[in-house]
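With our numbering, you'll find the sequence shown wraps up at 400, consecutive numbering, no jumps.
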Amino acid sequence: MILLAELAVAKPAQKVRVAFLVFHDHKGKIVQLEPQGRFGHVAISYKNGWVHSYRGRRVEWVEDLSRFGHVALIVDVEQVPENIEDNLIEQFGKPYSLESEWEDPNATHCAKLVGQVLELAAKPTNWSTSFWQFNPLKKYPRRSLSPDDIYEYLMANNKINLCETLLLSQ
Numbered sequence: 231m232i233l234l235a236e237l238a239v240a241k242p243a244q245k246v247r248v249a250f251l252v253f254h255d256h257k258g259k260i261v262q263l264e265p266q267g268r269f270g271h272v273a274i275s276y277k278n279g280w281v282h283s284y285r286g287r288r289v290e291w292v293e294d295l296s297r298f299g300h301v302a303l304i305v306d307v308e309q310v311p312e313n314i315e316d317n318l319i320e321q322f323g324k325p326y327s328l329e330s331e332w333e334d335p336n337a338t339h340c341a342k343l344v345g346q347v348l349e350l351a352a353k354p355t356n357w358s359t360s361f362w363q364f365n366p367l368k369k370y371p372r373r374s375l376s377p378d379d380i381y382e383y384l385m386a387n388n389k390i391n392l393c394e395t396l397l398l399s400q
């Protein structure tokens with residue numbers, strides 16, 4: 231009986247969806263932001279929409295991600311921090327900056343936002359692709375995450391329900 235009472239008051243399991251987007255160059259090739267990378271943008275689900283950070287915009291909620299890249303993959307993440315909604319809400323309104331360090335609470339970018347909401351650890355960054363030679367930053371953060379880092383972490387740590395992984399395009 232104690233077990234039934236505990237179940238009655240238990241919080242429902244939380245899960246979120248994470249969308250991974252790709253960018254294509256003028257020749258139709260996927261733009262790589264890091265060596266062997268595929269994804270150029272990432273967003274996290276919230277209240278029937280998506281929260282993301284994008285160049286020239288603050289952290290925002292949108293219904294449709296298609297104007298920010300091509301949605302390549304949406305995955306269900308079933309193991310999330312208990313305080314995920316608080317983590318997400320505290321991100322709203324932050325300005326976009328790819329140059330902000332991981333520890334800087336005053337600015338964010340798409341992967342930093344999703345990584346911090348999911349409480350992932352930053353790792354050393356790799357800015358060696360040709361994309362950054364043609365789109366240089368004033369300052370390159372030493373530690374952060376990329377959309378590919380987030381995908382690889384979720385896969386390696388069995389955080390994704392593979393039965394519900396939805397591949398929208400190749």
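Cβ coordinates follow ideal geometry from the N, Cα and C atoms, glycine included.
Given that a residue counts as buried once 16 or more other Cβ atoms are within 10 Å of its Cβ, and exposed if not, what is G299?
Along the sequence shown, read from residue 1 onward, the residue named residue 299 stands at position 69. Buried.
Please go through the segment 336–364 and give each complete beta strand (DSSP E) segment of 3 or more residues, from N-terminal end onward.
none
For K353 versus E308, is the C-beta distance shorter than 8 Å?
Sequence index remark: in the sequence shown, residue 353 carries index 123 (1-based). Sequence index remark: in the sequence shown, residue 308 carries index 78 (1-based). The answer is no: Cβ separation not under 8 Å.
Give me whichever residues DSSP pairs with Y326 in a beta bridge.
The residue labelled residue 326 in the question sits at position 96 within the sequence shown. Its beta-bridge partners are T338.
Could you pull the start and end residues of the alpha helix (DSSP H) that Y276 belongs to?
Working through the sequence shown from its first residue, we reach residue 276 at position 46. No alpha helix (DSSP H) holds Y276; the beta strand (DSSP E) holding it covers H271 to Y276.
Say whether the segment 361–378 touches the segment 306–321, bearing in mind that this needs 3 or more beta-carbon pairs closer than 8 Å, one atom from each stretch.
no
Spatial distance of V261 from V301 (CA atoms)
Indexing the sequence shown from 1 puts residue 261 at position 31. Indexing the sequence shown from 1 puts residue 301 at position 71. So the two alpha carbons sit approximately 14 Å from each other.
Per-residue DSSP class, three states only, for S296
For the purposes of this step, residue 296 is taken as the residue at position 66 of the sequence shown. Residue state, collapsed to three classes: helix.
Compute the minimum distance between the beta carbon of I274 and the heavy atoms of the ligand NAP, and state whether it is under 7 Å.
With respect to small molecules bound, the structure shown includes none, and the ligand NAP cannot be examined in it.
May I have the straight-line CA-CA distance separating E290 from K277, to the nearest angstrom?
The sequence position of residue 290 within the sequence shown is 60, counting from 1. The sequence position of residue 277 within the sequence shown is 47, counting from 1. Cα to Cα, the separation comes out at about 12 Å.
Between the alpha carbons of G279 and I304, how many angstroms are there, rounded?
Locating residue 279 in the sequence shown gives position 49, counting from the first residue. Locating residue 304 in the sequence shown gives position 74, counting from the first residue. The alpha-carbon atoms of G279 and I304 are separated by roughly 13 Å.
E290 by DSSP, collapsed to three states: which one?
Taking the sequence shown and counting its residues from 1, the one referred to as residue 290 is at position 60. Note: E290 maps to strand in three-state DSSP.
Quick one: using the 10 Å Cβ neighbour count with 16 as the cut-off for buried, is H282 buried or exposed?
As a first step, residue 282 is located in the sequence shown; it is residue number 52 there, counting from the start. So H282 counts as buried.
Boundaries (first-last residue) of the beta strand (DSSP E) holding W280
As a working mapping, residue 280 is identified with position 50 in the sequence shown. From DSSP, the beta strand (DSSP E) with W280 extends over G279 to H282.
Whole angstroms is fine: what's the gap from F269's alpha carbon to R287's?
Reading the sequence shown from its first residue, position 39 is the one you call residue 269. Reading the sequence shown from its first residue, position 57 is the one you call residue 287. Roughly 19 Å between the two C-alpha positions.
Would you decide whether P407 is buried or exposed? Buried here means 16 or more other CB atoms lie within 10 Å of its CB.
There is no way to answer for residue 407, as the model of the chain reaches only from 231 to 400.
Return the residue from the list K259, V252, H256 and K257 that minimises the CA-CA distance to V272.
Here residue 272 refers to the residue found at position 42 when the sequence shown is read from its first residue. That would be V252, whose Cα lies nearest to the Cα of V272.
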